[in-house]
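Asker: All the letters of the sequence shown, read from the start, carry residue numbers 136 to 623 under our numbering.
Note that beta-carbon positions come from the ideal geometry of N, C-alpha and C, so glycine has one too.
Here it is, the structure, as C-alpha cells.
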Amino acid sequence: MATLSEEAARLLDFNQKLDINLLDNIVGAMYSGIGEQQRVAQEILTTLKEHPDAWTRVDTILEFSSNQQTKYYALQILEQVIKTRWKVLPRNQCEGIKKYIVALIIKTSSDPETMEREKTYLNKLNMILVQVLKREWPKNWESFITDIVGASKTNESLCQNNMAILKLLSEEVFDFSSGQITQTKAKHLKDTMCSEFSQIFQLCQFVLDKSQNAPLVATTLETLLRFLNWIPLGYIFETELISTLIFKFLNVPMFRNVTLKCLTEIAGVTVPNYDAMFISLFTQTMTQLEQMLPVQTNIREAYARGQDAEQNFIQNLAMFLCTYLKEHGSLVEKKGMADMLLLALQYLVLISEVEEVEIFKICLEYWNGLAAELYRENPYTNQTPNFPKYTSISGPRRQFYAPVLTKVRYIMICRMAKPEEVLVVENENGEVVREFMKDTDAINLYKNMRETFVYLTHLDYEDTERVMTEKLQNQVNGTEWSWKNLNT
136 MATLSEEAAR LLDFNQKLDI NLLDNIVGAM YSGIGEQQRV AQEILTTLKE
186 HPDAWTRVDT ILEFSSNQQT KYYALQILEQ VIKTRWKVLP RNQCEGIKKY
236 IVALIIKTSS DPETMEREKT YLNKLNMILV QVLKREWPKN WESFITDIVG
286 ASKTNESLCQ NNMAILKLLS EEVFDFSSGQ ITQTKAKHLK DTMCSEFSQI
336 FQLCQFVLDK SQNAPLVATT LETLLRFLNW IPLGYIFETE LISTLIFKFL
386 NVPMFRNVTL KCLTEIAGVT VPNYDAMFIS LFTQTMTQLE QMLPVQTNIR
436 EAYARGQDAE QNFIQNLAMF LCTYLKEHGS LVEKKGMADM LLLALQYLVL
486 ISEVEEVEIF KICLEYWNGL AAELYRENPY TNQTPNFPKY TSISGPRRQF
536 YAPVLTKVRY IMICRMAKPE EVLVVENENG EVVREFMKDT DAINLYKNMR
586 ETFVYLTHLD YEDTERVMTE KLQNQVNGTE WSWKNLNT
C-alpha cells in the first residue's frame, strides 16, 4: 500500500503529465478496495479534489479515461470549482469551462445510444451546467434560452436532453433556490425565466404536436409538469394545452401518469377568470376516464393485480379528483352538473377502498374537508330530512351528498385505524394481546379518521347508527367475522 501512496504523490505534481492508468487504479481501489487500501485511496482522491488546480486536469481525465467512475470523479472536481471558486476565476477561464461543458453535453446527447449508455455521466454534466447557469445567466449568458431552444430543433435526442436541462433549471430556480442563492438573485432568475418562457413553450408545443419519438415526448411532459406551477396562466388557459393533454396523451398508457400529474397541477390553480376552462378540464377528463377505467370496475381488485404504472395511475387519479373537487367542487355545483360530480365522487369512493394506506390518506383528506364543510354550513341541524333522492343540486347540499357519505361511513368503519389505547394484535402463538406504540403514522391516521367520522355522525345520526348496527350484526351472524374486523 505504501507503494501506491508513493506513486499517488505523482498525481499531485502538476508539473508532470497526468497518469490516467494510475488514477483509474486509485479510483478502483476506493470503490472496490477494503480496509487500509480503501482508506488511503479515499485520502488521495480527496487531496487531489481539493487542490486548487485540479480542475485544469478534468478535460484530460474525461478524454482519456475509459472508467465511468473516474469520469464521474472528474465531474465532481469540476462541480466543486464552480460552486466554490467561480467568482474568482478569470473571465476567460469561466468562458472556457462553459464552452467545454456545452460541447461535452452536445457530444454525449446527440446520439440516442450514447445518451442511454452514459445516462449517469450525462445527468451529472447537466447538473453542472445548471450550476454554471445559476452564476452566469442571464448577465453573462443572455442568449442561453435562445441557444438551447435553437439547438433542440436540430436533433431529437439532443432535444430530449435539453428538456431535461430546462427541467433541472426550473427545479433549481423555483423549487430549491431557498437558502442556496439570495432572494434578489432568485427573483431575477424567476423573472428572466418567465419573460423568456414563450420560446420554451413553443418548443414544448412543437414536440407535443409533431414528434413521434416516445422518450422525447415523455421527457417533454415531465419538463412541462415542472413548469406548470410558475408559468404565466395564459400559457395554460389561453392555448390548446389542456385539450392536447387530455385528448392526445391521457389515454396513452406510457404517458397517462405524467399527463394526469400535469392536469392535477392545473386543477390546483385557483383564479376567478377561467371558470369555463376549469369546467372543460373536469368534463373532458371525466369523459376520457370513463373510457379508460369504467366506473363499474372493481378498482380495489384492479389495484391489487396491477403493475406499478397501473397502481401509480390510481394514486394519481385520487390526487386529481381530490385536488379538483377541493378547489373547484363548488363551481361544478353552481353549474348544476350533478351527474358529472356524482361520477367523480363515485370514483373517489371506489379508490377509497383500495388497500394502500397512502392512497387512502389522499382520499381521507378530501372526505374530511367535505364533511367538515357540510357540517359547518348548519351545525345545529339534528337530522337531514328524509326527502326523496335528488338528481340535481337544486336542493340542500347535505341531501345531495348524503348517498355518497353513506358509502364513506361504511369505508370509515371498515378501515378505522386503531387508537393507541386499543392496539390489539395476534401474536405468533395465535393469542390476542395488547401492543403499546408511541406516536406513529397509524395513530395520526386514527386521529384524522376519528375527526372525519365525528363530522359524518353529526351530519346524519340515524344513518351512522344503521351502518354501525349492520356491521356489528355481520360480526354476530358470521358473514364478516374476523379478529381484524372486530378490532376496527
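1) Relative to the C-alpha of Glu-512, which candidate in Gln-446, Ile-546 and Leu-594 has its C-alpha closest?
2) Mapping the DSSP letters down to three states, classify Asp-598 as helix, strand or coil.
3) Determine the direct distance from the alpha carbon of Phe-448 to that of Gly-369, and round the result to whole angstroms.
4) If we count the other Cβ atoms within 10 Å of its Cβ and call it buried at 16 or more, is Arg-585 buried or exposed?
5) Excluding the five sequence neighbours on either side, which residues of its own chain have a C-beta within less than 7 Å of the C-beta of Ala-703, listed in chain order?
6) So Cys-498 packs on Cys-457, CB below 8 Å; how close in whole Å?
7) Taking the C-alpha atoms as reference points, what is the distance between Thr-191 and Thr-355?
8) Could you tell me the distance, in whole angstroms, from the CA atom of Thr-249 to the CA atom of Gln-481?
9) For Phe-372 and Ala-402, what's the separation of their Cα atoms in angstroms?
10) Excluding the 5 residues preceding and the 5 following Met-698 in the sequence, name in chain order all residues of the same chain whose CB lies nearer than 7 Å to its CB.
11) Which class does Glu-491 belong to by DSSP, given the choice of helix, strand or coil?
12) Mind checking if Ile-232 is an interface residue toward chain B, Cβ cutoff 8 Å exclusive?
13) Measuring only the C-alpha atoms, how far is Pro-247 from Leu-239?
14) Hey, Thr-358 and Lys-302 are a contact pair by Cβ (cut 8 Å); roughly how many whole angstroms apart?
15) In the DSSP output, what is Glu-373 paired with across the bridge?
16) Check for me: the beta strand (DSSP E) holding Glu-684 runs from which residue to which?
17) What's the call for Phe-413, buried or exposed, on a 16-neighbour Cβ count within 10 Å?
18) How many angstroms separate the CA atom of Ser-529 from the CA atom of Pro-538?
19) For Gln-203, which option in Thr-255, Thr-599 and Thr-420 has the closest C-alpha, if you only look at C-alpha atoms?
20) Got a sec, what are the start and stop residues for the alpha helix (DSSP H) Pro-538 sits in?
21) In its own chain, which residues sit with a C-beta less than 7 Å from the C-beta of Thr-205, not counting the 5 before and 5 after it?
22) Following the continuous alpha helix (DSSP H) through Leu-359, name the residue where it begins and the one where it ends.
23) Candidates Lys-152, Arg-601, Lys-322 and Gly-464: which alpha carbon is nearest Gly-504's?
24) Consult DSSP for Val-484 and reduce its assignment to one of helix, strand or coil.
25) Three Cβ pairs or more, each shorter than 8 Å: is that satisfied between the stretch 541-548 and the stretch 601-612?
26) Apply the 10 Å Cβ neighbour rule to Met-454 and answer buried if 16 or more other Cβ atoms are within range, or exposed otherwise.
27) Pick helix, strand or coil for Val-430, following the three-state DSSP scheme.
28) Between the alpha carbons of Lys-269 and Gly-168, how many angstroms are there, rounded?
29) Quick check on the burial criterion: 16 or more other C-beta atoms within 10 angstroms. Buried or exposed for Glu-400?
30) Rounded to whole angstroms, what is the Cα-Cα separation between Thr-182 and Ser-200?
31) Based on DSSP bridge pairs, tell me the residues matched to Val-567.
32) Select from Thr-418, Glu-491 and Gly-441 the residue whose C-alpha is nearest the C-alpha of Lys-470.
33) Is it the case that the Cβ atoms of Val-284 and Gln-334 are separated by a distance below 8 Å?
34) Using C-beta distances below 8 Å, list every residue in its chain close to Thr-519, excluding the 5 sequence neighbours before and after it, in chain order.
35) Please classify His-593: does DSSP put it in a helix, a strand, or coil?
36) Using 10 angstroms around the beta-carbon of Tyr-207, count the other beta-carbons present and answer buried if the total reaches 16, otherwise exposed.
Answerer: If we stick to the structure as given:
1) Leu-594
2) In this structure, Asp-598 counts as helix in the three-state DSSP scheme.
3) 28 Å
4) exposed
5) Beyond the ends of the chain as shown, which are 136 and 623, falls residue 703; an answer cannot be given.
6) 7 Å
7) 35 Å
8) 48 Å
9) 11 Å
10) With the chain running from 136 to 623 in the structure shown, residue 698 is simply not present.
11) coil
12) Here there is only one protein chain, and chain B is not present.
13) When rounded, the distance between both Cα atoms is 15 Å.
14) 4 Å
15) Per DSSP, none; premise fails for Glu-373.
16) For the chain, the structure presents residues 136 to 623; residue 684 sits outside this window and is missing.
17) buried
18) In this prediction, Ser-529 scores a pLDDT of 35, lower than 50, which makes its location untrustworthy; no coordinate-derived value is stated.
19) Thr-255
20) 532-550
21) Leu-158, Asp-159, Val-162 and Ile-196
22) 349-362
23) Selection Lys-152, Arg-601, Lys-322 and Gly-464 evaluated against Gly-504 yields Gly-464 as nearest (Cα-Cα).
24) helix
25) yes
26) buried
27) Val-430: coil per DSSP, three-state reduction.
28) 37 Å
29) buried
30) 20 Å
31) Glu-561
32) Thr-418
33) yes
34) Residue placement at Thr-519 cannot be trusted, given a pLDDT of 43 that sits under 50; what the coordinates show is reported in the next sentence. Contacts found: Pro-531, Arg-533, Gln-534, Ala-537, Leu-594 and Asp-595.
35) In the structure shown, His-593 sits in a helix (DSSP, three-state: H, G or I).
36) Exposed: under 16 other Cβ atoms inside 10 Å.
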